[in-house]
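Engineer: Sharing a structure with you now.
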Amino acid sequence: MKNYNKFFRHIFLIFIALYFCSCINEYLIREKFVVKIENQTNDSLFITIKTNINEMNTHLVGFQTDSILWETEQIVEEEFSYLSRLQLINIDDYMVFNINDTTSIIYSQLNNEEISLFNEKIDIHSIEVHTRFNTTKRETLTIDSTLLPIFKKDYGMLEQFSEYYK
884 MKNYNKFFRH IFLIFIALYF CSCINEYLIR EKFVVKIENQ TNDSLFITIK
934 TNINEMNTHL VGFQTDSILW ETEQIVEEEF SYLSRLQLIN IDDYMVFNIN
984 DTTSIIYSQL NNEEISLFNE KIDIHSIEVH TRFNTTKRET LTIDSTLLPI
1034 FKKDYGMLEQ FSEYYK
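Numbers given in our numbering equal positions in the sequence shown, counted from 1, plus 883.
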């Protein structure tokens, strides 16, 4: 009888160990991304920022500042070292439309020299890690007179922003 109890005790411990080893841990990753936009010109600007999540807009008249906030979360089933560096929100394109003179900058259509000039105006302030799986990224886009040379005439704006051109 003693051997019989020992045998079942060992079997029971093996099943318990297998149960805990086979459990899949789930982790919730949260990310906030704040883009502050500073219009340091006297012009009326309409800014669109496209991310992998959605597209958001703001309209800034001369010397105004605004912020756009994205928030998202994702459940992942396994813990690997890369998870704490996983970026859930990525900017796909910046579009800046100057309502005053129907010119625009569309980042994805810029050449290398223009991209360098534009990138100088993007300041990544901080990436705050609140916990291992909770981060906030902050970025500032400053639009000033040094960007004026890379604005291109865009007659499509007359249709796109018809409410401004009545």
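Where is the CB? At the ideal position from N, CA and C, for every residue including glycine.
(1) Can you name the residues that DSSP bridges to E991?
(2) Let me make sure I understand the geometry here. Which of F898, D926, I958 has the alpha-carbon closest to that of E909?
(3) What is the rounded straight-line gap between the Cα of F929 and the Cα of T1019?
(4) Determine the direct distance from the alpha carbon of L971 to that of T941, and round the result to whole angstroms.
(5) Report the CB separation of I936 from F1016 in whole angstroms; it is logged as a contact under 8 Å.
(6) Would you check if the distance between the CB atom of S927 and the CB atom of I989 is smaller than 7 Å?
(7) Under 7 Å, do T931 and M978 count as touching if we go by C-beta distance?
(8) Quick check on the burial criterion: 16 or more other C-beta atoms within 10 angstroms. Buried or exposed for S999?
(9) Using only CA atoms, which one of Y1038, D984, E954, F980 lies nearest to N973?
Structural biologist: The relevant details are as follows:
(1) Numbered from its first residue, the sequence shown carries residue 991 at position 108. According to the sequence provided, residue 991 is Ser. The question's Glu does not apply to it. Answer by DSSP bridge pairing: none, since S991 is not bridged.
(2) What you label residue 909 is simply residue 26 of the sequence shown in a count that begins at 1. In terms of Cα proximity to E909, the closest of F898, D926, I958 is I958.
(3) To locate residue 929, count along the sequence shown from 1; it is residue 46. To locate residue 1019, count along the sequence shown from 1; it is residue 136. A direct Cα-to-Cα measurement between F929 and T1019 gives close to 25 Å.
(4) Here residue 941 corresponds to residue number 58 of the sequence shown, with the count starting at 1. Here residue 971 corresponds to residue number 88 of the sequence shown, with the count starting at 1. Cα to Cα, T941 sits roughly 22 Å from L971.
(5) By one-based count along the sequence shown, residue 936 stands at place 53. By one-based count along the sequence shown, residue 1016 stands at place 133. The distance from the Cβ of I936 to that of F1016 is about 18 Å, inconsistent with a contact at the 8 Å cut-off.
(6) On the sequence shown, residue 927 is found 44 positions in, with the first residue counted as 1. On the sequence shown, residue 989 is found 106 positions in, with the first residue counted as 1. Going by C-beta atoms, S927 is not nearer than 7 Å to I989.
(7) Residue mapping note: residue 931 aligns to position 48 of the sequence shown, counting from 1. Residue mapping note: residue 978 aligns to position 95 of the sequence shown, counting from 1. Yes, the pair counts as a contact, with Cβ atoms nearer than the cut-off.
(8) To locate residue 999, count along the sequence shown from 1; it is residue 116. Residue environment analysis places S999 among the exposed positions, since fewer than 16 neighbouring C-beta atoms fall within 10 angstroms of its C-beta.
(9) The count along the sequence shown starts at 1 and reaches residue 973 at position 90. Of all alpha-carbon atoms in Y1038, D984, E954, F980, the one lying nearest the alpha-carbon of N973 is that of E954.
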